[in-house]
Amino acid sequence: MIYAILRRFGQMLFVMFGISVIVFLIFFATPGADPAARIAGRNASPEVLAAVRHSFGFDQPLYVQYVRMMEKIFVTGDLTSFVNRGWKVVPAVMDSIPVTLSLVFGAAILWVVVSIVIGIVAAATRDSWLDKLLMALGLLGISMPVYWLGEVMNLITQSRYHDSWAFSWVPPLGYKNFSDDPKGWFLTLVIPWITLAILYIGIYGRVLRAAIIESMQEDYIRTARAKGLSETRILFRHALRTSLIAFVTLFGLDFGALVGGSALLTEVVFGLHGIGKLTYDALQNLDLPMIMATVMYASMFVVVANAVVDFVYILLDPRLRTS
Amino acid sequence: MILSVRDLKVSFRTHDGLVRAIDGVSFDLEESEILGVVGESGSGKTVSLLAVMGLITDPNATIEGSIRYKGRELVGLPPRELRRLRGNEIAMIFQDPMTALTPVYTIGWQIAEQIRAHRGVSKSKAMERVEQLLAEVNFPNPHEAMSRYPHQLSGGMRQRAVIAMALSCDPTLLVADEPTTALDVTVQAGILDLVRKLRATHKSAVVFITHDMGVVSELADRVMVMYAGRVVERGTRTDLFSDPRHPYTRALLGSIPPLTGQKPRRLPAIPGSPPSLLRLPQGCAFGPRCPVRYEPCETAKPDLGAGAHAAACFRVAQAWANR
């Protein structure tokens with residue numbers, strides 16, 4: 001067991017190393033991405049360019065630059081942005097993490113709970129009007145892009161109906177620290193949570209419904225019926241558990257990606273300065289240190305989420321337990 | 001009389017039209033009797049017994065006729081009432097032990113679940129009973145086997161576990177749907193011994209579905225031969241093996257290679273294949289494959305008639321009339 005965990009950890013480190021090398025090389029191989037030219041500004045003289053190259057270390061071999069950058073991210077933590085040399089990259093990432101985590105965790109709890117309920121109800125009432133209604137609503141949720149839905153949400157809750165009793169509680173856009181103001185933290189995030197969750201509720205509800213219906217065709221469900229168990233017990237005890245495997249796979253991938261910065265659109269629409277926004281701005285400016293730090297952070301979450309998914313598989317399905 | 005089935009008809013609505021899987025099947029079962037039901041795939045053996053169990057869940061199926069268990073009509077019985085019988089008084093053993101058990105729970109848990117569904121006993125009491133049952137079906141180490149998952153057991157062991165589960169509430173009627181088909185020959189013999197022994201100790205009546213005449217000759221008290229959804233011959237085991245009347249029964253017996261004497265160069269096979277249930281011939285369903293068919297077979301379906309040993313064949317009826 002300990003050996004398996006260590007091996008898994010080693011794999012994670014290897015994956016992250018590979019990602020960092022690839023990102024680093026892409027950055028230097030991108031045409032027109034000469035970082036010195038960018039830093040020196042337009043129409044810089046060759047002397048200025050050379051000076052910038054030297055002072056940022058671009059005249060050194062690539063592997064030296066790579067190692068120094070990694071050292072500055074993981075050991076000393078004093079890597080600075082290429083765009084603004086007074087801006088330290090690691091603290092900037094650290095400051096964005098709680099924003100993104102708050103957004104994604106809350107939305108994830110919401111979408112997991114609601115989609116499990118929807119999936120079970122739809123599967124249990126298969127082909128009824130309720131099933132059809134839920135699946136149609138799910139499809140509607142999938143079809144609404146976050147940037148559109150988010151703006152509509154803002155339009156309703158921030159301006160159009162903000163003065164009505166229903167939405168007067170909605171605070172202005174922005175993020176409040178949980179430690180400073182827990183109530184404000186919660187209230188500012190309610191609308192972003194709902195917006196982000198709606199898409200995933202649709203997808204997850206449909207996936208779970210399909211998985212449950214598939215499990216209900218299995219021979220062991222017939223055995224369970226022959227045992228004289230109630231349909232409710234068959235559904236919850238015998239069909240649901242195997243159905244959750246597909247659900248967990250999807251969740252691991254989506255959750256890792258969202259925490260790693262895919263919640264960008266939601267963050268932008270609701271004025272939350274999270275990882276997605278930070279990564280997006282860094283890419284816009286071709287700010288290598290910031291890109292490197294955010295990508296390392298994101299890859300770490302994706303890799304960890306995958307490891308957690310594997311662990312949950314083992315909990316759900318004893319066939320995957322090897323002695 | 002434990003079970004009395006009269007004129008049972010099961011049909012399924014499909015895209016290609018109505019499929020009559022069972023067309024007027026009648027049979028009786030006495031206490032602690034073993035009835036062998038023989039026929040090819042698609043002859044309706046399994047469907048007729050699934051109907052008895054109330055396990056036909058297909059919404060496109062219609063079940064007509066009468067199934068009386070201890071004098072009580074099962075057709076049209078509310079699901080809750082039926083559930084109380086299933087697994088408790090009427091138990092079933094399935095064909096494929098590989099898929100008949102839920103993969104994510106231990107053997108012990110799954111058997112105890114059935115006991116607790118029908119008897120208000122504590123978990124530890126149920127587990128004691130499980131251990132006793134597993135010992136009864138010849139598990140070498142019953143206590144240890146309880147904590148095994150299905151995938152950790154061999155096919156034969158899984159089938160023993162399924163049998164232990166079926167016996168857990170001392171059923172008066174046991175339906176065994178080809179329990180030996182998926183197993184090795186040596187394992188088969190063990191399972192047959194077990195069924196015989198359990199009939200003696202538990203006094204259960206057994207309906208044993210099989211396509212293996214050898215199994216029938218070893219086990220059954222009475223035999224019912226099915227073809228295309230109808231019973232073509234019934235009688236005691238001795239009747240059937242020493243005096244087979246229906247051409248289909250004779251053909252089935254003829255295709256067993258003799259153990260002694262000269263071996264035939266080619267094993268006799270029944271020419272043709274079973275008819276599609278969608279396009280049954282107007283007359284006798286076996287007619288097109290029958291070596292002794294004549295005019296009446298083309299136009300009408302022969303009746304089985306009364307009598308302990310009876311065959312649904314115009315030739316047989318004619319032979320008896322001429323006697």
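Residue numbers (the working numbering), protein chains in the order written: chain D, 1 to 323; chain V, 1 to 323.
Built from N, CA and C at the ideal position, the CB exists for glycine as well.
Only a predicted model underlies this, so the values are computations on that prediction, with no experimental measurement involved.
The region 111-132 of chain D: which residues have C-beta closer than 9 Å to a C-beta of chain C, in chain order? Absent from the structure is chain C; the protein chains it does hold are D and V.
What does the alpha-carbon distance come out to for the pair residue 152 (chain V) and residue 106 (chain V)? Their Cα atoms are separated by approximately 10 Å.
What is the C-beta distance between residue 79 (chain D) and residue 293 (chain D), in whole angstroms, given that I count them as a contact (C-beta under 8 Å)? Rounded, the Cβ-Cβ distance is 7 Å, consistent with contact.
Alpha carbon of residue 167 (chain D) to alpha carbon of residue 188 (chain D), nearest angstrom: Take the alpha-carbon of residue 167 (chain D) and the one of residue 188 (chain D): they are about 12 Å apart.
Can you tell me which of the three DSSP states residue 4 (chain V) falls into? Reduced to three states, the DSSP call for residue 4 (chain V) is strand.
CB of residue 242 (chain D) within 8 Å of CB of residue 101 (chain V), strictly: Cβ atoms of residue 242 (chain D) and residue 101 (chain V): not closer than 8 Å.
In the DSSP output, which residue or residues are listed as bridge partners for residue 69 (chain V)? When beta bridges are read from the DSSP output, residue 69 (chain V) appears opposite V:3 and V:72.
Please say whether residue 244 (chain V) and residue 253 (chain V) have beta carbons closer to each other than 8 Å? Less than 8 Å divides the Cβ of residue 253 (chain V) from the Cβ of residue 244 (chain V).
First through last residue of the beta strand (DSSP E) which encompasses residue 26 (chain V): Annotation: the continuous beta strand (DSSP E) that includes residue 26 (chain V) extends over 17-29.
Under 7 Å (Cβ pairs) to chain V, residues found in the region 235-246 of chain D: Flagged, chain order: 238, 241 and 242.
In this structure, how does DSSP classify residue 279 (chain D) when only helix, strand and coil are distinguished? Note: residue 279 (chain D) maps to helix in three-state DSSP.
To the nearest angstrom, report how far apart residue 74 (chain D) and residue 263 (chain D) are at their CA atoms. Between the alpha carbons of residue 74 (chain D) and residue 263 (chain D) lies a gap of roughly 25 Å.
What residues in the region 171-186 of chain D bring their beta carbon closer than 8 Å to a beta carbon of chain V? Correct list: empty, as no residue qualifies.
Strictly by DSSP, which residues pair up with residue 92 (chain V)? Residue pairing from DSSP places residue 92 (chain V) in a beta bridge opposite V:175.
Is the region 230-240 of chain D close to the region 134-143 of chain D, with three or more CB pairs under 8 Å? Taking a cut-off of 8 Å for Cβ pairs, the region 230-240 of chain D and the region 134-143 of chain D do not touch, as fewer than three such pairs fall below it.
Counting only the same chain and skipping the five closest in sequence on each side, list residues whose C-beta sits under 7 Å from that of residue 252 (chain D). Exclusion of the five residues before and after residue 252 (chain D) leaves 305, 306, 308 and 309 as the residues of its chain whose Cβ lies within less than 7 Å of its Cβ.
Of the choices V:213, V:299 and V:50, whose alpha-carbon is the least far from that of residue 226 (chain D)? Per the Cα distances, V:50.
Do you know how far the Cα of residue 319 (chain D) is from the Cα of residue 312 (chain D)? Rounded to whole angstroms, residue 312 (chain D) to residue 319 (chain D) spans 13 Å at the Cα level.
Against chain V: residues of the region 198-210 of chain D by CB proximity under 9 Å: Cβ contacts with chain V: none found.
At least 3 beta-carbon pairs within less than 8 Å: the region 203-215 of chain V vs the region 36-43 of chain V: With the cut-off at 8 Å, the region 203-215 of chain V and the region 36-43 of chain V touch.
Quick check on this structure: which residue in V:164, V:256 and V:155 has the alpha carbon closest to the alpha carbon of residue 181 (chain V)? Closest option to residue 181 (chain V), Cα to Cα, is V:155.
Backbone secondary structure at residue 146 (chain V) - three-state DSSP: If DSSP states are grouped into helix, strand and coil, residue 146 (chain V) belongs with coil.
Please confirm if the region 128-140 of chain V is in contact with the region 173-189 of chain V, defined as three or more CB-CB distances below 8 Å between the two stretches. Touching, no, given that fewer than three Cβ pairs across the two stretches are closer than 8 Å.
Secondary structure of residue 286 (chain V), DSSP reduced to three states: Coil, per DSSP.
Count the other CB atoms within 10 Å of the CB of residue 67 (chain V); is the residue buried (16 or more) or exposed (fewer)? The residue is buried, with at least 16 neighbouring Cβ atoms inside 10 Å.
Counting Cβ pairs closer than 8 Å, one from the region 311-322 of chain V and one from the region 283-300 of chain V, do we hit at least three? Flag = yes, the region 311-322 of chain V and the region 283-300 of chain V touch.
Would residue 10 (chain D) be called buried (16 or more neighbouring beta carbons within 10 Å of its own) or exposed? Burial is judged here by how many other beta carbons sit within 10 angstroms of a residue's own beta carbon; residue 10 (chain D) has fewer than 16 and is exposed.
Quick one: list the residues of chain V neighbouring residue 218 (chain D), beta-carbon separation under 8 Å, in chain order. At a beta-carbon threshold of 8 Å, the residues of chain V lying near residue 218 (chain D) are 99, ordered along the chain.
For residue 170 (chain D) and residue 157 (chain D), what's the separation of their Cα atoms in angstroms? C-alpha separation (whole angstroms): 7 Å.
Given a threshold of 16 other Cβ atoms within 10 Å of its Cβ, counted over all protein chains shown, does residue 45 (chain V) qualify as buried or as exposed? With 16 or more other Cβ atoms inside 10 Å of its own Cβ, residue 45 (chain V) counts as buried.
If you reduce the DSSP assignment to three classes, tell me which class residue 226 (chain V) lands in. When DSSP states are grouped into helix, strand and coil, residue 226 (chain V) belongs to the strand group.
Tell me where the alpha helix (DSSP H) around residue 199 (chain D) begins and ends. That run of the alpha helix (DSSP H) goes 182-215.
May I ask you to list the residues that DSSP assigns as paired with residue 295 (chain V)? For residue 295 (chain V), DSSP assigns no beta-bridge partner whatsoever.
Classify residue 102 (chain D): buried if its beta carbon has 16 or more other beta carbons within 10 angstroms, exposed otherwise. Residue 102 (chain D) should be labelled buried.
Segment contact flag, the region 78-90 of chain V with the region 201-210 of chain D, C-beta cutoff 8 Å, min 3 pairs: With the cut-off at 8 Å, the region 78-90 of chain V and the region 201-210 of chain D do not touch.
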